[in-house]
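Heads up, the thing below is written out as C-alpha cells.
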Amino acid sequence: MIMDLLADAINIIKVNENVGLDSCSVRSTKLIKSVMEVMKTNGYIAEYSEFKDGKIAKLEIKLAKKINDVGVIKPRFAVGLDDFQKYETRYIPSRDFGILILSTPKGIMTNASAKEQHMGGRLLAYVY
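Position 62 (the sequence shown) corresponds to 47 in the numbering used here; numbering is contiguous.
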C-alpha cells in the first residue's frame, strides 16, 4: 500500500526523466494535479491529462526533459516569509535556478509567487 502518493508520483517522474522516456503515468489526486500544474507553468513538464484505469484515476504526464532533480521535502516544514532564504539554499543549487513548491492558504504555488504575495506555507517539493 502506498502511503504518500505525492512522493510516489515525484519518484516516478524522476525515474522516467532519468531513463529518458517521453511520458509516464501516476495516480491522480487534487494535490498531485496542482503540483503538476505548477510544474507545467514553470516548464518542467510539457503537459498532463487525466484518464481512468478501471476505477482508479491516473494522470498521463508528457515529460519536457528539463528536470535535473526533483524530490519531495519531508517533513513538510512550515515556512514563514523570513525563512525562504534558508530553504532555498538547502534545496535549490543556485539562485534563480529551480523552484520550491509549497502549499499556501491560496493554493499550491512556487516560492517566488508566495514571496510576491507576502505569505508562507508548507514545503511540498523542489524542482530544478
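Beta carbons: idealized from backbone N, C-alpha and C, even for Gly.
Whole angstroms is fine: what's the gap from Ile30's alpha carbon to Glu45's?
-> 11 Å
Return the CA-CA distance between Met94 and Ser88, expressed in angstroms with no decimal places.
-> Spanning the alpha carbons of Met94 and Ser88 requires a straight line of approximately 7 Å.
Considering only the beta carbon of each residue, do Ala110 and Gly65 sit closer than 9 Å?
-> no
Going by CA-CA distance only, name the one from Leu48, Lys40, Asn27 that's closest to Ser34.
-> Leu48
Which residues mark the beginning and the end of the beta strand (DSSP E) in which Ala49 is found?
-> No beta strand (DSSP E) holds Ala49; DSSP gives it neither H nor E.
Coil, strand or helix - Ser88 by DSSP = strand
Going by DSSP, name the residue or residues bridged to Phe36.
-> Lys43
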